[in-house]
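Asker: In the numbering used here, each residue carries its 1-based index in the sequence shown increased by 18. For each residue, glycine too, the CB sits at the ideal point set by N, CA and C. Here it is, the structure, as structure tokens.
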Amino acid sequence: MKIEKNSVVHFHYSVAEPGMPQLESSHDRDAMAILIGHGNIIPGLEEAMIGREAGEKFSITVTPDQAYGQRQDGLNQRVPRKHFKNAKIAPGMQVVLPTSMGPRPMTVLKVGVSVVDVDLNHPMAGKTLNFETEIVSVREATAEELEHGHVHGDGGVQH
Ligand code: ZN
């Protein structure tokens with residue numbers, strides 16, 4: 019079946035800035051599972067999947083506006099050090115911390131004795147990104163998945 023709104027898609031990807039080393043890849047773990055049309059992934063990649071089928075491979079270049087948005091000033095925040103379970107944090111490291119909007123990736127700017135300065139911009143904000151993508155499988159979503167807005171089972175939410 020072809021991918022359309024409300025399809026469940028499993029896929030592998032790798033992402034890099036044009037001409038740069040790979041930033042991230044799913045190939046060393048399970049395929050990503052997403053529900054199309056529910057904001058599970060960046061708009062540019064989701065749009066490029068519409069109409070494709072299992073087994074298809076494609077590469078696309080996505081501008082920041084269709085990816086993680088532009089970098090914003092004023093997103094630096096000071097966080098109590100105790101929120102970092104990993105004691106070996108260092109400037110430049112990317113960490114994921116729970117926020118009122120759910121888990122959020124951020125970049126460590128400065129590490130103090132009791133506080134840590136972080137930049138809440140997404141690490142890929144402001145970047146044009148190349149995605150190498152392989153569609154692994156496509157299926158229809160269950161009624162429960164549509165209600166929750168995410169995929170259940172393999173690669174999805176387990177609950
Ligand atoms: Zn659910």
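Quick one: which unbroken beta strand (DSSP E) runs of 3-plus residues sit fully inside the region 49-77? Chain order, please.
Answerer: Listed in chain order, they are 50-53.
Asker: So is Lys145 buried or exposed if we call it buried at 16+ other beta carbons inside 10 Å?
Answerer: Result: buried.
Asker: Please list, in chain order, all residues of the same chain as Lys20 whose beta carbon is under 6 angstroms from its beta carbon, the five residues on each side excluded.
Answerer: Only Gly69, Glu71 meet the Cβ criterion.
Asker: If I measure Cβ to Cβ from Ala49 and keep anything under 7 angstroms in the same chain, skipping five residues before and after, which residues do I get?
Answerer: Cβ within range, chain order: His28, Phe29, His30, Val154, Gly173.
Asker: Residues bridged to Phe102 by DSSP?
Answerer: DSSP output for Phe102 lists no bridge partner at all.
Asker: Determine the burial state of Thr81: buried for a count of at least 16 other Cβ atoms within 10 Å of its Cβ, exposed for fewer.
Answerer: Counting Cβ neighbours within 10 Å, Thr81 comes out exposed, since fewer than 16 surround it.
Asker: DSSP three-state label for Ala34, please.
Answerer: The answer is strand: DSSP assigns Ala34 an E or B state.
Asker: Does the separation of the CB atoms of Glu150 and Lys100 fall below 9 angstroms?
Answerer: Result no, Cβ atoms of Glu150 and Lys100 do not sit closer than 9 angstroms.
Asker: Going straight from the alpha carbon of Val133 to that of Gly167, what length do you get?
Answerer: So the alpha carbons of these two residues sit roughly 36 angstroms apart.
Asker: Using the Cα positions of Ala51 and Thr160, report the straight-line distance between them to the nearest angstrom.
Answerer: In a straight line, the C-alpha of Ala51 is about 14 angstroms away from that of Thr160.
Asker: For Asp137, which option in Met124, Ala143, Gly130 has the closest C-alpha, if you only look at C-alpha atoms?
Answerer: Measuring from the Cα of Asp137, the nearest candidate turns out to be Met124.
Asker: Just checking my contact of Glu158 with Leu53 at CB under 8 angstroms: how many whole Å lie between their CB atoms?
Answerer: Rounded, the Cβ-Cβ distance is 11 angstroms, inconsistent with contact.
Asker: Is it buried or exposed for Ala85, if we count other Cβ within 10 angstroms and need 16 for buried?
Answerer: With 16 or more other Cβ atoms within 10 Å, it is buried.
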